[in-house]
Amino acid sequence: SQQGEEDPQALSIQEGENATMNCSYKTSINNLQWYRQNSGRGLVHLILIRSNEREKHSGRLRVTLDTSKKSSSLLITASRAADTASYFCATDLYGNNRLAFGKGNQVVVIP
Amino acid sequence: NAGVTQTPKFRVLKTGQSMTLLCAQDMNHEYMYWYRQDPGMGLRLIHYSVGEGTTAKGEVPDGYNVSRLKKQNFLLGLESAAPSQTSVYFCASTPVTSGIVDTQYFGPGTRLTVL
């Protein structure tokens, strides 16, 4: 079963706008990760946030984690056309870093 | 470093044929994983390995076998391919630093079609 569920599933924005995606999960986690997948390519790791962290930044990315609500959000600020991709959240559900991935959130940034 | 590489990139099989997908990593990572990705879906774990000579089942292991004879290689085998195995297959690896597993590094994928 899919642990992470992203919301919304598809997002279309203008270049320069911010994009926000949410992810919910069902059970306790050690960490939550966000990955990006460009069309036809492998996944690229964006950011990892551990269960004892509430917010993390990496460049134009900001991730928050609310363990009480079992949810996370990914914010991309000042979006660019190159940010067009699918974004997946993944949780360390079973140990040994066996990740459970959500179905993905397709983001289209219009130049 | 080449990172994680997968061979082949594309393959078309007929039902009942067998094949082996090769994953190689040159980062000396301990853990390796095989996933499949179907349209509109996230990745689902097929098998994984926490070290040379060890393998374990993931979420969807049926119809697949794996081997990790060398630390840098992780092979995924389909003994008798079925159309339901048409998918894109991704390999990933991860280091273990101070006993903590971390980011997964993915290969570019193998697109498999079973007719």
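Heads up: the protein sequence lines correspond to chains W and S, in order. Mapping the first sequence onto this note's numbering, position 100 (from 1) lands on 80, and the numbers just tick up by one. Mapping the second sequence onto this note's numbering, position 57 (from 1) lands on 127, and the numbers just tick up by one. Here a beta-carbon is modelled for each residue, glycine too, at the ideal position from N, C-alpha and C.
For a quick check, are the C-beta atoms of residue i and residue j less than 7 angstroms apart?
i             : j             : result
residue 113/S : residue 159/S : no
residue 164/S : residue 117/S : no
residue -10/W : residue 86/W  : yes
residue 119/S : residue 138/S : yes
residue 82/S  : residue 177/S : no
residue 73/W  : residue 1/W   : no
residue 174/S : residue 142/S : no
So, for residue i: in the same chain, excluding its five sequence neighbours on each side, which residues have a beta-carbon less than 8 angstroms away from its beta-carbon?
i             : result
residue 115/S : 103, 104, 105, 128, 129, 130
residue -7/W  : -1, 59, 87, 88, 89, 90
residue 11/W  : 28, 29, 30, 31, 71, 72
residue -5/W  : 59, 60, 61, 89, 90, 91
residue 124/S : 138
With distance defined between alpha-carbon atoms, name the residue in the options nearest to residue i.
i             : options                   : result
residue 28/W  : 79/W, 89/W, 83/W, 87/W    : 79/W
residue 71/W  : 13/W, -7/W, 50/W, -3/W    : 13/W
residue 97/S  : 71/S, 89/S, 182/S         : 71/S
residue 94/W  : 52/W, 83/W, -4/W, 61/W    : No information on residue 94/W is available, as it lies outside the stretch -19 to 91 that chain W covers here.
residue 172/S : 180/S, 87/S, 88/S, 162/S  : 162/S
residue 87/S  : 133/S, 140/S, 95/S, 167/S : 133/S
residue -3/W  : 66/W, 69/W, 40/W, 16/W    : 40/W
residue 101/S : 122/S, 76/S, 145/S        : 122/S
residue 3/W   : 61/W, 63/W, 46/W, -5/W    : 46/W
residue 77/S  : 85/S, 84/S, 89/S          : 89/S
residue 126/S : 85/S, 166/S, 145/S, 167/S : 145/S
residue 47/S  : 155/S, 124/S, 111/S       : Here chain S covers residues 71 to 185 and nothing more, so residue 47/S does not appear.
Below 6 angstroms CB to CB, which residues in the same chain sit around residue i once its five sequence neighbours on both sides are set aside?
i             : result
residue 135/S : 147
residue 153/S : 184
residue 80/S  : 181
residue 68/W  : 15, 81, 82, 84
residue 179/S : 158, 160
residue 42/W  : 55
residue 57/W  : -2, 40
residue 109/S : none
Among the residues of its own chain, which have a CB less than 7 angstroms from the CB of residue i, if the five just before and after it don't count?
i             : result
residue 107/S : 113, 157, 158, 160
residue 65/W  : 16, 17, 18, 87
residue 77/W  : none
residue 44/W  : 34, 35, 52, 53
residue 140/S : 122
residue 111/S : none
Does at least one heavy atom of the ligand FAD sit under 6 angstroms from the Cβ of residue i?
i            : result
residue 52/W : Of the ligands one can find in the structure shown there are none, so the ligand FAD has no counterpart to examine.
* Please list the segments of the beta strand (DSSP E) lying wholly inside the region 93 to 178 of chain S, counting only runs of 3 or more residues, in order along the chain. => 101 to 107, 113 to 121, 124 to 127, 134 to 137, 143 to 148, 157 to 164
* Asked: Touch check for the region 17 to 24 of chain W and the region 32 to 44 of chain W: three-plus C-beta pairs under 8 angstroms?
  -> no
* To do: Write down every uninterrupted run of the alpha helix (DSSP H) in the region 25 to 82 of chain W whose length is 4 residues or greater and which is fully enclosed by it, in chain order.
  => none
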